[in-house]
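In our numbering, the protein residues as written are 171 to 509.
Ideal Cβ positions, reconstructed from N, Cα and C, are used throughout, including at glycine.
This report concerns only the one structure given below.
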Amino acid sequence: MISFIIPAHNATAYLKRAIESIESDANACGGQKKIEIIIVENGSTDDTYLLAEDMASLYSNITAVRSQKGVSAARNKGIDIAKGEWIFFLDADDFILKGSIAKLLHDADRMAPDWILYGHVNGSRKIQLAGTEKTYNADDIERCRAEFISNPTRYLQVWAKLFKRDIIIENNIRFDQELRLAEDSDFSIRYSAFCKCISVSDNIVYNYSIDNNSTVRSVNDDKINDYIFSMERTVCWIEHESKTVKEAFSKYILMHFNIAMVRGVYDKNIKKNAKEKIGILKDTISRKIFSDSLRNIKFKECSSLRMIPIFLIKIKCYRLAGVVYSIRAKQNAKESNNV
């Protein structure tokens, strides 16, 4: 059985769509008895819980419960009551693509991996994680984890993945409810440490709503500090890892530095001039969690497009790095407006 866990906060506008994307697809493939849906309302100020209860009255495989406010608290509540061998996290404003339930059930029934990752649709883009299915076993699991950790925005979101519930429960893995940002990556890194076999599917099963109002996409003055806090929490789990994973984690931290700059400094809604933004950039990169990673990263590792601003910062071209972040912020805004 697969347990679909849906955190729902002020989700009356789209929760029904998320649920019916699962139920209709499961019905089409005869898989309704092989799934359960757990809706976890958390701190809503609208009628989200009433809607969840209504949906639970329509479908025998739906459970509606409440948790403390916050997506991490909601997911943890879902984990605690899930009955399936596998867990799949679905955000309430996203949905499962048609034909995907059959693929998920097929993989859950036949595959030995501890973790199965799938592609997703993001606006007009299809993000396929693998051209053909890849499976990583004991001999190359460390390399696999390093690849994931060094590219967190591609691999470490918890949605569009199948997790083994036994691994989560037996190793007491839960979402860190003190984190406001990067909680997905933190959870995935800790989960991956207990995986002996990981599969990256060539299937695309998930639609991510690019216009959602997640904490990552919102603008607030504390975002930089929230990222620093998240990185400092996660680094504790890396201290006893291999050299390969530690090196990947330096890139992980710098990827989140990039996100912090684009979302928390160079977003068009941040009312600061260019000089002030450069000042924030320089001050932030001087913080130990980021400066250590900047020092550890080699120039040859800064050749990809996503590492261009890091390269510029390493050679102290802060203004040019700021230009790159501004361009990326405008691209993100354009993508959101085109949805």
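query, result
"Nearest-angstrom Cα separation, counted from Arg236 out to Arg387", "Caution applies to Arg387, whose pLDDT of 45 falls short of 50 and renders its modelled position unreliable; the value that the coordinates give is listed next. So the two alpha carbons sit approximately 25 Å from each other."
"Reduced DSSP category for Asn212 - H, G, I as helix; E, B as strand; rest coil", "strand"
"Three CB pairs or more closer than 8 Å across the region 287-296 and the region 199-217", "no"
"Rounded C-alpha distance that separates Phe258 from His410", "29 Å"
"Strand pairing of Trp329, partner residues [DSSP]", "Phe259"
"Top-ranked residue by Cα proximity to Phe364, from Lys484, Ile343, Thr454 and Lys447", "Ile343"
"DSSP state of Asp309 mapped onto helix, strand, coil", "coil"
"Closest by C-alpha distance to Cys487, when choosing among Arg465, Glu505 and Leu451", "Leu451"
"Arg465 - containing beta strand (DSSP E), residue span", "It is not in any beta strand (DSSP E) - Arg465 instead sits in the alpha helix (DSSP H) that spans Lys458 to Asn466."
"Ala418 versus Ser320 - alpha carbon distance", "5 Å"
"Rounded straight-line distance, which links the Cα of Lys273 to that of Val432", "36 Å"
"Counted within 10 angstroms of its Cβ, other Cβ atoms place Asn443 as buried (16 or more) or exposed", "exposed"
"Any 3 or more C-beta pairs closer than 8 Å across the region 423-431 and the region 448-464", "yes"
"Cβ distance (whole Å) where Lys447 is taken to contact Leu464 below 8 Å", "Contact doesn't hold; Cβ gap of about 18 Å is too wide."
"Rounded C-alpha distance that separates Lys253 from Leu351", "28 Å"
"Nonlocal neighbours in the same chain, by C-beta distance under 6 Å from Lys378, ignoring five residues either side", "According to the sequence as given, residue 378 is Tyr; it is not Lys. Correct list, in chain order: Asp264, His290 and Asn292."
"Contacting residues, own chain, Cβ-Cβ under 8 Å from Ile459 (five flanking each side not counted)", "Ile398, Met401, Glu402, Val405 and Ile423"
"Nonlocal neighbours in the same chain, by C-beta distance under 7 Å from Thr385, ignoring five residues either side", "Annotation note: pLDDT 46 at Thr385 (below 50); position unreliable, no value reported."
"Where Thr182 sits in the DSSP three-state scheme", "coil"
"Counted within 10 angstroms of its Cβ, other Cβ atoms place Ala282 as buried (16 or more) or exposed", "exposed"
"First through last residue of the alpha helix (DSSP H) which encompasses Lys253", "Note, Lys253: premise wrong, no alpha helix (DSSP H); not H, not E."
"Whole-angstrom distance between Ser194 and Asp310, CA atom to CA atom", "38 Å"
"Where Thr233 sits in the DSSP three-state scheme", "strand"
"Those runs of the alpha helix (DSSP H) which lie wholly inside the region 434-501 and span at least 4 residues", "444-455, 458-466 and 478-484"
"Euclidean distance between Cα positions of Asp372 and Asp279", "17 Å"
"Environment of Asp354 [buried if 16+ CB atoms lie within 10 Å]", "buried"
"Distance CB(Arg245)-CB(Pro322) smaller than 9 Å", "no"
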